[in-house]
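The block underneath contains the structure these notes are about, expressed in structure tokens.
In our numbering, the protein residues as written are 5 to 97.
Structure (structure tokens):
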């Protein structure tokens, strides 16, 4: 389950970066909404999956409330999921 969370974490982080730094600027500066529409739904699904999996694996990873809070907060910060992978998920694979 941890490896599945790592994959979801990576994909969620990538989709968020694509939305923030490519799709949204193209929408507002270029008037092209197609990339936001294309990336929005997959990112939403990955975001919800990230949150659900974080709650599912917290016991196996021995995360306290503070650790879980950091993991959840990282999902709304650019590059946050990559930090979580390095700090919380890579150890003892």
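For glycine and all other residues, C-beta sits at the position ideal for the given N, C-alpha and C. Because the structure is a prediction, the values reported are computed rather than measured.
Here the segment 14 to 31 makes contact with the segment 40 to 56; the two share three or more CB pairs at distances below 8 Å. With distances taken between CA atoms, residue 71 lies nearest to 59 out of 80, 82, 81, 59. Comparing alpha-carbon positions, the option among 94, 34, 79 lying closest to residue 15 turns out to be 79. DSSP, read as helix, strand or coil, puts residue 89 in helix. DSSP, read as helix, strand or coil, puts residue 25 in helix.
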